[in-house]
Structure formats: C-alpha cells, structure tokens
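What follows is a single structure, written as structure tokens, with notes after it.
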Amino acid sequence: MLMSSLLILIGFVMLVWGAERFVLGAAATARNFGVSPLIVGLTIVGFGTSAPEMLVSGVAAWEGNPGLSIGNAIGSNIANIALVMGVAALVVPLSVHSKTLRRELPILLLVMVLVLVLMLDGTLGRGDGLMLILGMGVMIFWLVMLGLRTRTDLMGGEFDAEMPDEMSNKKAMFWLLLGMVVLFLGSRLLVTGAVDVAKMLGVSDLVIGLTIIAIGTSLPELATSITSALKGEHDIAVGNIIGSNMFNLLGVMALPGLIAPGLVPDAVLDRDYPLMVGLTLAFILMAYGYRGHGRINRVEGLVLLMVYIGYLYVIYLESV
Numbered sequence: 004m005l006m007s008s009l010l011i012l013i014g015f016v017m018l019v020w021g022a023e024r025f026v027l028g029a030a031a032t033a034r035n036f037g038v039s040p041l042i043v044g045l046t047i048v049g050f051g052t053s054a055p056e057m058l059v060s061g062v063a064a065w066e067g068n069p070g071l072s073i074g075n076a077i078g079s080n081i082a083n084i085a086l087v088m089g090v091a092a093l094v095v096p097l098s099v100h101s102k103t104l105r106r107e108l109p110i111l112l113l114v115m116v117l118v119l120v121l122m123l124d125g126t127l128g129r130g131d132g133l134m135l136i137l138g139m140g141v142m143i144f145w146l147v148m149l150g151l152r153t154r155t156d157l158m159g160g161e162f163d164a165e166m167p168d169e170m171s172n173k174k175a176m177f178w179l180l181l182g183m184v185v186l187f188l189g190s191r192l193l194v195t196g197a198v199d200v201a202k203m204l205g206v207s208d209l210v211i212g213l214t215i216i217a218i219g220t221s222l223p224e225l226a227t228s229i230t231s232a233l234k235g236e237h238d239i240a241v242g243n244i245i246g247s248n249m250f251n252l253l254g255v256m257a258l259p260g261l262i263a264p265g266l267v268p269d270a271v272l273d274r275d276y277p278l279m280v281g282l283t284l285a286f287i288l289m290a291y292g293y294r295g296h297g298r299i300n301r302v303e304g305l306v307l308l309m310v311y312i313g314y315l316y317v318i319y320l321e322s323v
C-alpha cells in the first residue's frame, strides 16, 4: 500500500508540473505564430488543463481499466464544479463579465446531452468514441472562430496579461515536448498505483477514478482557478472550468470507447451523471447573470463544496 500510494503521489506531482510546462510551451509557440491571447486561452489552456485526464484515461483504457477512464472523466467534471469552483469562490467571490463565456455555457449543456444520448444504451463503443472525438474537433473549430469574431472581450485582456514572456520557438518546443513526456510518465505511475490501491481496498476502478484520480487530475484546474481569482482574473477562473469540462466530456470520454469499448457502469448513469448535470445547471445559473454579470459568491461556493463532500460520503457508504 505504501509503495502504491507513493506512485500515486509522484504521478500527481508529475501531472501537475507536466501540464504547466505543456501549457507554457504551447502558449508561447502559439504566440510566436501570432495567435491571439483569447484563442490561446479558449483552446490551448482548456486543453492543457485537461491533458492529465486525457493521458490518465488513455493509459487506463489501454491497460484494461475502462471503468477508471470513465470515472476519471465524470469525476473530474464533478470535482471541477463542486470542488474547484467551490474553493475558488470561498477564497474570492467570482464575477463573470465575459460575453464569450456566456456563449460557451449553452455549448457545455449541449455536449452533456450528446454524451448522455450516446451512453443511454449502457455501452460506450468505438462508434461513440469516434463521434466524441469528432465533436471535440468541431468544438475546437468553433472556439477558434469565436475567438476570431470576438474583437473585444474582457477575458482576452486577462489572457493577454497571463501570456508567458517572450520565448524562442526552440525553447517553447522544448517545454512543450518535455511537458508531454512528463505527463505520459506521470499518468503511467498514477494508473499503476491507483489500480493496485483499488485491488487492495476491494473497490472498483470506477470508484478510484471518481475520487482519488478525479481529484488529482483536477489539481491543475484548482491551481489555475485560485491563482486567477486572487489576481482578479475571474473570467479566466470560470472559463478554465467550462473549457476543461467540455474537453473532458468529448476528448477524455472518447478514449475508453475507442481503446476499450464496453459497458458503462450502472452507477454512472444512476448516480454520477445526474449529479454532474445538476451541478452544471446550477453553475450555469450562477455564472450566466441574467440581470447583468454573473456572480458566484461565498455562500454558493460553500454549498458547492458541501455537495462535493456529501457526494464523496455517498460513494464511501456504497463501497463499504
């Protein structure tokens, strides 16, 4: 157990550091080619913070643990809203001004419906995985077009302030490739340790994916959102979660379907997915702002956090 826990810890550290280096290198490379900060933020940052989930889910599915992959995707989305947004709002109440984010929120809802429709037959097959990957491609194209059409947006200014200092293409590519390698190695260590812990505790891969793995792979989102909130960059803090959750549903959920097609655990459709949908709807109501800008205050942040703690407790009761 000690060795497995150590592997998990080292894997988490490598994933967080690798994701940060990957985003740094990718953002610097994009800027060197003249890509606008808003497009970089909408695509590269969102994809980069979801890179740990994608690598972990891909490795888990390849090694015959698709339940861990599915649990990681759904559990990360639940953690992103209830844990990450809850903690961030407790630290600094979040205000949402960006019109771009308001356009993204309905798309997030549409993506959730698409994934649910594909899973309602109780399976996640290669056809489903292919459709999700294509959906991710369409989403990235839409985000790029949205960034090109949006000339002025407060979030664009926030991303511009967070862009890395000028960096040569050679150095940017070095960090990009090193980040990818570290992400892959960290995911291997994390999956190995997590599967061993699941066997020792006698719980399913799904439970480990929904809890330990989901929390660990959401650490980049947690760090980004809290840091952005403290700097007053509230739109980045919220946009980070929206983008990450869309990438998780399309890109991460596609991997178990493509690599290890099979049945979707009953608990996902009965317990986890409905909670994710409910949290997302609550998140949209808080962030949209029908009478002005949206706002997630400390009380709402506390409610989100308490819901997450209650969710973990329910999983614990059902696992013992």
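Per this note's numbering, residue 4 is the first one in the sequence shown, and the count goes up by one each step.
Yeah, the Cβ is synthetic: ideal placement off N, Cα and C, and Gly gets one too.
All figures in this text were calculated on a predicted structure; none of them were measured in a lab.
Residues near residue i by beta carbon distance below 8 Å, same chain, minus five either side
{"i": "L123", "result": "L272"}
{"i": "L58", "result": "L18, L186, F187, G189, S190"}
{"i": "L283", "result": "The question names Leu, but residue 283 in the sequence shown is Thr. Same-chain partners within the cutoff: N80, I84, L111, L112, M115, N248."}
Reduced DSSP category for residue i - H, G, I as helix; E, B as strand; rest coil
{"i": "G242", "result": "helix"}
{"i": "S98", "result": "strand"}
{"i": "G37", "result": "coil"}
{"i": "L119", "result": "helix"}
{"i": "G67", "result": "coil"}
{"i": "G132", "result": "helix"}
{"i": "G297", "result": "strand"}
{"i": "G21", "result": "helix"}
{"i": "K174", "result": "helix"}
{"i": "E107", "result": "helix"}
{"i": "G140", "result": "helix"}
{"i": "G235", "result": "coil"}
{"i": "E169", "result": "coil"}
{"i": "G205", "result": "coil"}
{"i": "V198", "result": "helix"}
{"i": "M365", "result": "Because the chain spans 4 through 323 in this model, residue 365 falls outside it and cannot be assessed."}
{"i": "V43", "result": "helix"}
{"i": "V310", "result": "helix"}
{"i": "M289", "result": "helix"}
{"i": "M4", "result": "coil"}
{"i": "S221", "result": "coil"}
Integer Cβ distance of residue i from residue j, believed to fall under 8 Å
{"i": "A2", "j": "L308", "result": "This structure cannot settle anything about residue 2, because the visible part of the chain is limited to 4 through 323."}
{"i": "M249", "j": "I110", "result": "7 Å"}
{"i": "G61", "j": "V26", "result": "At roughly 18 Å, the Cβ-Cβ gap does not stay under 8 Å, so G61 and V26 are not in contact."}
Residues bridged to residue i (per DSSP)
{"i": "G182", "result": "For G182, which the question treats as bridged, DSSP gives no partner whatsoever."}
{"i": "L127", "result": "G265"}
Proximal residues to residue i (C-beta, below 6 Å), its chain only, five neighbours per side dropped
{"i": "E107", "result": "I245"}
{"i": "M4", "result": "M203"}
{"i": "G219", "result": "F15"}
{"i": "V43", "result": "A30, A33"}
{"i": "V120", "result": "none"}
{"i": "I299", "result": "A92, L97, M289"}
{"i": "V310", "result": "A85"}
Other residues of its chain near residue i: CB distance less than 7 Å, five sequence neighbours each side excluded
{"i": "F286", "result": "I84, M88"}
{"i": "I318", "result": "V210, L213, T214"}
{"i": "A279", "result": "The question names Ala, but residue 279 is Met in the sequence shown. Closer than 7 Å at Cβ, skipping near neighbours: I77, N80, I81."}
{"i": "G125", "result": "L266, V267"}
{"i": "Y291", "result": "R105, L108, G297"}
{"i": "L181", "result": "R24"}
{"i": "G70", "result": "S207, D208, L209, G212, P268"}
Residue i Cβ short of 7 Å to the ligand ADP heavy atom set
{"i": "M134", "result": "Within the structure as shown, the ligand ADP is missing, as the structure has no ligands at all."}
Interface flag, residue i vs chain D, CB-CB below 8 Å
{"i": "L252", "result": "The chain labelled as chain D is not found in the depicted structure, where only one protein chain is given."}
- prompt: Three or more C-beta pairs closer than 8 Å, one from the stretch 250-260 and one from the stretch 135-148: is that the case here?
  reply: By the C-beta criterion, the stretch 250-260 is judged to be in contact with the stretch 135-148, since at least 3 inter-stretch pairs fall below 8 Å.
message: Contact between the stretch 64-74 and the stretch 208-218 is defined here as three or more beta-carbon pairs at a separation below 8 Å; is this criterion met?
response: A contact is defined here as three or more CB-CB pairs under 8 Å, and the stretch 64-74 meets this definition with respect to the stretch 208-218.
message: Count Cβ pairs between the stretch 272-283 and the stretch 221-228 that sit closer than 8 Å; are there 3 or more?
response: Counting C-beta pairs with one atom in each stretch, the stretch 272-283 and the stretch 221-228 have fewer than three that are closer than 8 Å, which means they do not touch.
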